[in-house]
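Asks: Can you read through this structure? Questions will come right after.
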Amino acid sequence: MSFQLSVKDIHFLRPFFWYLDCFLITPWYDFRKKTLVKPNMRILYITILILSKITILVYSLLDETLGQVYAKLIYTQKIILGGIYTNTTLTLILTIFKTGIWDTNLWKEMFARFHFVDRKLKNQGKTETFLRNFYFKLFLKHVLSLMCGFYELYVWSIFMKIPLWKVFIFTGFMEVYYEFLLVSLVTALVQDFEARYKDLNEKIVITSKKGTAFPELLNLVQAYRILGETVEIFNQIFGHQLVLIIFHCGLQMVHCLNLVFVMGAVEIDEDTHLQFLMCNFYLLVWIGYIFLTIVLPISSTNREARKFIDLLYKMQEGYLEKSDTCDFLIRLVNYSKNFHKEFTAAEFFALNKTVIFSLMGNVATYLIITIQLNSGGQN
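Its first residue numbered 387, the sequence shown is counted upward by one per residue in our numbering.
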């Protein structure tokens, strides 16, 4: 059963894909046939989703109640919330088009390479214990996300004096949930990469103890090459969305922190004010967690990929004298270094721990700017 499979077997994603297919985050991929299915139906579904989104957007812009609520906000809130809504809408539309039309061949290539590596490493059919199972963790994350989201919906519905469903559909919460699913997929695929790099590192340690097991070593290097090429495909598929998601994380953090300073200027009762502060705190913690679930696993995977090259270098240490084996290992190292690929956000910047400090610096800068603008507006 796919729910019990380990992340070492790419087929573990099948149940998750069934759900993501409904949102066109994934391109209707058949794991058994190893191909994309129903291309014409997919185009029709894209049209329906885009038209639905345009209808919702037009309605939200013309709705008088939403317009009145928006008019009550401090102008820094208007700018930030407008930026967040625009950003999440772009993420949704871009993902639909890239998944359904532009990048369909890249999806096929990516999964063909995963299948190839799984055969090389003999990972097919491997299972995982319940507590370490991907779907158990996904379920917990989903529950916590929905709890946080519905609490925020509840608070905003009190403030805006409109039904929960209207807040969800017309104020950007639907797009945020879409983004959450996209992030969950990205982190699942990153776990795929990390598990395979760890497997390669374990196998190369075993191979090094055997001495001159050249055929096995060549197989491992070939798998490493394929994984490096797959990382490049991953960057092409998700790079632009990751730029938008990280930008959204920064905007959302500025919004949460700015809200603490401007809530006093909004005419609401004390109980609602307290609810807003609590909701704001939960959202700030959650958006930070989502950001870290992207960056930290990617950083860990990059470290595992570099470790493979380091292990090849260590194998050379056993052959200090000039020999055919030493020359062979040197060629392998030089060859493998060409396929050490890092995760990037559409090549704008590398995804590693430095992004955390960069985001913190930008959030602090823009928060200071918003505070100054708030002070200027009050004066």
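Glycine included, C-beta positions come from ideal geometry on N, C-alpha and C.
If you're wondering where the values come from, they're calculated on a predicted model, not measured in any experiment.
Given a threshold of 16 other Cβ atoms within 10 Å of its Cβ, counted over all protein chains shown, does M427 qualify as buried or as exposed?
Replies: Burial call: exposed.
Asks: Please determine, among M664, H626 and L571, the residue with the shortest C-alpha to C-alpha distance to P401.
Replies: If we check each option's Cα against that of P401, L571 comes out closest.
Asks: Taking V455 as the reference, give the member of F522, I544, P425 and L476 with the closest Cα.
Replies: Out of F522, I544, P425 and L476, I544 has the C-alpha closest to the C-alpha of V455.
Asks: May I have the straight-line CA-CA distance separating A581 from Y461, to the nearest angstrom?
Replies: For A581 and Y461, the distance between alpha carbons rounds to 47 Å.
Asks: Does the distance from the CB of H641 to the CB of A732 come in under 8 Å?
Replies: Not closer than 8 Å, so no.
Asks: Could you pull out every residue in the same chain whose Cβ sits closer than 8 Å to the Cβ of L480, ignoring the five residues on either side in sequence?
Replies: Answer for L480: H626, Q627 and L630, listed in chain order.
Asks: What residues match up with L391 in a beta bridge as DSSP calls it?
Replies: Answer is T513, bridged to L391.
Asks: Spell out the partners DSSP gives A736 in its beta bridges.
Replies: Paired residues: T730.
Asks: Identify the continuous alpha helix (DSSP H) that holds W672 and give its terminal residues.
Replies: Residues E656 to E703.
Asks: Nearest-angstrom Cα distance between N605 and F694?
Replies: Computed Cα separation, rounded: 13 Å.
Asks: Please say whether F536 and L452 have beta carbons closer to each other than 8 Å?
Replies: No, these two residues do not count as a Cβ contact at 8 Å.
Asks: On the DSSP letters alone, give me the boundaries of the alpha helix (DSSP H) that T462 sits inside.
Replies: Segment Y461 to F483, the alpha helix (DSSP H) holding T462.
Asks: Apply the 10 Å Cβ neighbour rule to Y564 and answer buried if 16 or more other Cβ atoms are within range, or exposed otherwise.
Replies: With 16 or more other Cβ atoms within 10 Å, it is buried.
Asks: What's the gap between the Cα of T687 and the Cα of I612?
Replies: Approximately 15 Å between the Cα atoms of the pair.
Asks: Please classify S744: is it buried, with 16 or more other beta-carbons within 10 angstroms of its beta-carbon, or exposed?
Replies: Counting Cβ neighbours within 10 Å, S744 comes out exposed, since fewer than 16 surround it.
Asks: Looking at the secondary structure, which residues open and close the alpha helix (DSSP H) in which V503 lies?
Replies: It spans T490 to L507 - the alpha helix (DSSP H) in which V503 sits, taken as one unbroken run.
Asks: In the DSSP assignment, find the unbroken alpha helix (DSSP H) run with I623 in it and report its ends.
Replies: Its alpha helix (DSSP H) spans residues F600 to V648.
Asks: Does the separation of the CB atoms of L637 and F662 fall below 8 Å?
Replies: In this structure, F662 does not lie closer than 8 Å to L637 by Cβ.
Asks: Would E703 and I619 qualify as a contact pair, given that the criterion is a beta-carbon distance under 8 Å?
Replies: Cβ distance not < 8 Å, so E703 and I619 don't count as in contact.
Asks: Just the C-alpha distance for K458 and E588, rounded to the nearest angstrom, thanks.
Replies: Going from the Cα of K458 to the Cα of E588 covers about 60 Å.
Asks: Compute the Euclidean distance between the alpha carbons of H397 and G469, then round it to the nearest angstrom.
Replies: Going from the Cα of H397 to the Cα of G469 covers about 38 Å.
Asks: Does DSSP put D416 in a helix, a strand or coil?
Replies: DSSP places D416 in strand when its eight states are reduced to three.
Asks: Can you have a look at K394 and say buried or exposed, based on whether 16 or more other CB atoms are within 10 angstroms of its CB?
Replies: K394 comes out buried.
Asks: Excluding the 5 residues preceding and the 5 following L586 in the sequence, name in chain order all residues of the same chain whose CB lies nearer than 7 Å to its CB.
Replies: For L586, where only same-chain residues beyond five positions count, the Cβ hits under 7 Å are L606, A609, Y610 and F694.
Asks: What would DSSP say about T557, mapped onto helix, strand or coil?
Replies: Note: T557 maps to coil in three-state DSSP.
Asks: For the 8 Å Cβ check, are there 3 or more pairs between the segment 503-510 and the segment 413-430?
Replies: Too few Cβ pairs lie closer than 8 Å, so no.
Asks: Using DSSP bridges, identify the partner residues of T421.
Replies: D416.
Asks: So, helix, strand or coil for K584, using DSSP?
Replies: Three-state DSSP puts K584 in a helix.
Asks: Going by C-alpha distance, which of L435, S392, D696 and F417 is nearest L410?
Replies: Among L435, S392, D696 and F417, the Cα nearest to that of L410 is on L435.
Asks: Helix, strand or coil for I754 per DSSP?
Replies: Helix, per DSSP.
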